[in-house]
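Written out below as structure tokens is the structure these notes cover.
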Amino acid sequence: MARTWWGAWRNFRIPAEHVANVEADLRFASGLNWWVTTLLFIGVLTWGTEAFLLLLPISLVSTVVQVWYPMRRVGQFPVIEIDRSSLRPYN
């Protein structure tokens, strides 16, 4: 059984364009996180607690975007295709 599983896993490949798309999305999300955190920090230092309360909704929306944006491409990954030529009969 382990040989069959390993034979299938060894032949599984994710196309490079899918990997590049997800990496770009993660870079966008981390950049958004940096800008929102900086804006929140400068706002609190400059205007005090009121700025925190005003910027909090922006921070919450940005958190949702950071989680959703990279995950929106998950459905684009191909179904695992098994190269049956490398599989052996169980018995």
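According to our numbering, the sequence shown is numbered sequentially starting from 261.
The C-beta atom is built at its ideal place from N, Cα and C for all residues, glycine as well.
Fair warning: this is a prediction, and the values are worked out from it, not measured in the lab.
Counted within 10 angstroms of its Cβ, other Cβ atoms place residue i as buried (16 or more) or exposed
| i | result |
| --- | --- |
| residue 261 | Note on residue 261: pLDDT 45, under 50, position unreliable in the model; no value is reported. |
| residue 290 | exposed |
| residue 315 | buried |
| residue 223 | Any question about residue 223 goes unanswered here, given that the chain covers just 261 to 351. |
Closest by C-alpha distance to residue i, when choosing among the options
| i | options | result |
| --- | --- | --- |
| residue 313 | 300, 285, 284 | 300 |
| residue 327 | 281, 280, 285 | 285 |
| residue 322 | 304, 307, 298, 306 | 298 |
| residue 325 | 280, 293, 304 | 293 |
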